[in-house]
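So the working numbering is basically just the index in the sequence shown, starting at one, shifted up by 6.
For every residue, glycine included, the Cβ atom is placed at its ideal position computed from N, Cα and C.
I have placed the structure first, in the form of structure tokens, so that the comments after it can refer back to it.
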Amino acid sequence: MLPADDTTCGWINSLPARREPKRLKGDVTADWAIVGAGFTGLAAARRLTELSPDARVVVLDAQRAGESASGRNSGFIVDVSTSRAGTREGEEAIYLAKHRLNLAAISALERLVQEHGIDCQWRQIGKYHCAADEANLGEVEAIAGFCRRLGLEYQELDRAALTQRLGTDYYLKGVFTPRAVMVQPGALVRGLFESLPDSVTVLEESPVTGIEYGPTIRLHSADGVVSTRNLIFAANGFLPSLGVQRRRLMPMTLTASLTRSLTQAERQAIGEPSDWGVLAAHGMGATVRYTEDHRILMRNTAEYWPRLSMTAEDLKKRRVIHLDAIRARFPALEKLAIEYTWSGVVCVSSNLMPSFGRLSDNVYVSGGYNGSGVGGGTIRGSLIVDYAFDHDSELLEDVVTCPRPGWIPPRPFLDLGALWRLRRASVGLGRDL
Ligand SMILES: Cc1cc2nc3c(=O)[nH]c(=O)nc-3n(C[C@H](O)[C@H](O)[C@H](O)COP(=O)(O)OP(=O)(O)OC[C@H]3O[C@@H](n4cnc5c(N)ncnc54)[C@H](O)[C@@H]3O)c2cc1C
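Written out as structure tokens, the structure reads:
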């Protein structure tokens, strides 16, 4: 299964058109090859140039660099993790390790944004975890509870306070975590790609279709072969398709929509709030943003979709669900139209833990971020190189403190299990989230 994303992502479409890519042709030799040019692969490539300045580094991507999930997500760089893994009594060390990694990712990205002048609507405005119905109020309390217990920064907000800040009275209760950052993800990842040191060669539209392992690894694509001494897999949702961590990771397809900018009158009608980002307090519920340029982003569909990519017809159905959910939150915006709807592939594991480490002597992997890969991919992409070079640090300790992903059954048991879990989490088509 190769990546084949749609061309309708709002973030990517609002960026300047790019020049023709460099593609793999003929035989290329590398010291390090990386499969995947998203946040993970780009971070790994950058770190390789720091730790091994003379190494020949080649990054291969099936599509344009950064235009897979990395350029088409909701743009939250999380501080307090959305996943509860590690919040139970006795597991706190795991959660705190994840939290330090999140904060380190924010700092690392902020430094790069400043150093390279990346124009990506970087906004450190925090994020909200909200419940819109009585059934999920306990989830908000659980988040506040573990923030309190673990000493994390947070603030509890009631409906009145949320209405004033968000311009909608849809949510009953929420927790605000102040250190999260919102970005235009397409612009961020493009800036990271364009600012890579010249010593990194990125070959785009060059899908890896076959791999020969050995002391020299050969990566085959339609028009050429990369021979490399070391390999890093950074293909996230496509890791299982590449034969990597098949029993531990699985892809899921998410869909999102972005409206046009609100008019001045529409902004007034909702009380002229500043930009914000809301995550549902319950696992895998809706993600909503009011952006700096006054658009509303809605991502409330997440599906186990074995074909991975979506057709225009598939997207049309999801757009209806997104629009309904926007109208439910903002009844005053009855004329507000959606401008873009798109899908993207993420990678999940049964215990919400990512995959990180050595697969064999010269093969490494980082991926499976369970929907939090902007920061997660950036920090772990860099640390997988430290790991390969035995370059110890407290952050690397934090990564290895986290358990590995749990086991996932083969199909068709996987299909049944995934459907059951998604239904329990109230995710998928036809549900108003
Ligand atoms: C709609 C949506 C909303 C999301 N919201 C958020 C959010 O708000 N915050 C957050 O942190 N995360 C979010 N995520 C998840 C986040 O986007 C991912 O976790 C992150 O992009 C992972 O980065 P990556 O570099 O590991 O993988 P990717 O960005 O998926 O990059 C992997 C690359 O590998 C390439 N590839 C795959 N197979 C091959 C092959 N055979 N040969 C060559 N190249 C190959 C792909 O083309 C791709 O470019 C969201 C994702 C989606 C889809």
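Selection from the options that minimises the alpha carbon distance to residue i
i, options, result
"proline 312", "Trp38, Leu420, Glu121", "Leu420"
"valine 7", "Thr215, Asp67, Glu95", "The residue asked about is misnamed: residue 7 is methionine in this sequence, not valine. Cα-wise, what sits closest to methionine 7 is Thr215."
"isoleucine 385", "Asn368, Glu403, Val369", "Glu403"
"tryptophan 413", "Gln251, Gly230, Ser74", "Gln251"
"arginine 171", "Arg117, Ile276, Ala228", "Ile276"
"alanine 167", "Tyr177, Glu147, Ile238, Val406", "Tyr177"
"phenylalanine 336", "Val294, Glu309, Met316", "Val294"
"glutamate 272", "Gly289, Ala110, Gly377, Tyr296", "Tyr296"
"arginine 129", "Leu237, Val84, Arg417", "Val84"
"cysteine 126", "Pro184, Ser20, Val86", "Ser20"
"isoleucine 173", "Tyr346, Leu248, Ser280", "One detail in the question is off: residue 173 reads as glycine in this sequence, not isoleucine. The shortest C-alpha separation from glycine 173 is found at Ser280."
"proline 411", "Glu210, Arg253, Asn108, Glu298", "Arg253"
"glutamine 69", "Thr93, Ser372, Glu211, His328", "Glu211"
"proline 213", "Glu26, Leu30, Ala23", "Leu30"
"valine 189", "Glu298, Arg94, Ser356, Phe182", "Glu298"
"aspartate 175", "Tyr219, Ala137, Ser399, Gly32", "Ala137"
"alanine 51", "His328, Ser205, Lys322", "Ser205"
"aspartate 37", "Pro9, Ser233, Ile131, Pro416", "Ser233"
"glycine 132", "Val181, Leu66, Arg185", "Arg185"
"serine 456", "Gly377, Thr347, Ser399", "Beyond the ends of the chain as shown, which are 7 and 439, falls residue 456; an answer cannot be given."
Boundaries (first-last residue) of the alpha helix (DSSP H) holding residue i
i, result
"glutamate 121", "98–121"
"glycine 387", "379–394"
"valine 146", "143–156"
"lysine 322", "318–335"
"asparagine 19", "16–19"
"leucine 402", "400–407"
"glutamine 270", "270–275"
N-terminal and C-terminal residue of the beta strand (DSSP E) that residue i is part of
i, result
"alanine 138", "No beta strand (DSSP E) holds alanine 138; DSSP gives it neither H nor E."
"isoleucine 40", "32–41"
"threonine 207", "206–209"
CB of residue i within 8 Å of CB of residue j, strictly
i, j, result
"leucine 255", "serine 349", "no"
"valine 284", "tyrosine 134", "yes"
"cysteine 353", "lysine 104", "no"
"leucine 268", "leucine 339", "yes"
"valine 391", "leucine 57", "yes"
"glycine 42", "alanine 240", "yes"
"asparagine 79", "isoleucine 223", "no"
"alanine 334", "leucine 260", "no"
"arginine 53", "serine 388", "yes"
"methionine 359", "alanine 91", "yes"
"glycine 230", "valine 34", "yes"
"alanine 287", "glutamate 145", "yes"
"valine 187", "isoleucine 302", "no"
"glycine 243", "isoleucine 18", "no"
"leucine 245", "leucine 48", "no"
"leucine 115", "glycine 381", "yes"
"alanine 228", "tyrosine 310", "no"
"leucine 209", "valine 64", "yes"
"methionine 316", "serine 263", "no"
"isoleucine 332", "isoleucine 40", "no"
"serine 89", "asparagine 108", "no"
"isoleucine 100", "glycine 197", "no"
"leucine 194", "leucine 66", "no"
One or two residues paired with residue i in a DSSP bridge
i, result
"arginine 129", "Met188"
"isoleucine 217", "Leu225"
"threonine 450", "The chain is shown only over 7 to 439; residue 450 falls outside these bounds and no answer can be derived."
"leucine 314", "For leucine 314, which the question treats as bridged, DSSP gives no partner whatsoever."
"glutamine 441", "What is shown of the chain runs 7 to 439, which leaves residue 441 out entirely."
"cysteine 353", "Pro257"
"tyrosine 370", "Ile238, Arg364"
"tyrosine 346", "Leu264"
"isoleucine 83", "Val187"
"leucine 66", "Val41, Leu209"
"glycine 230", "Gly32, Ser227"
Integer Cβ distance of residue i from residue j, believed to fall under 8 Å
i, j, result
"serine 74", "aspartate 11", "6 Å"
"alanine 150", "glutamate 159", "12 Å between Cβ atoms; not a contact."
"cysteine 153", "glycine 77", "Their Cβ separation, rounded to whole angstroms, is 31 Å, which puts cysteine 153 and glycine 77 out of contact at 8 Å."
"glycine 379", "phenylalanine 45", "6 Å"
"leucine 156", "lysine 179", "That pair is no contact at about 20 Å."
"proline 257", "leucine 314", "6 Å"
"tyrosine 393", "glycine 363", "7 Å"
Closer than 8 Å to chain B by CB, residue i
i, result
"threonine 347", "Checking the listed chains, one finds no chain B in this structure; it contains a single protein chain."
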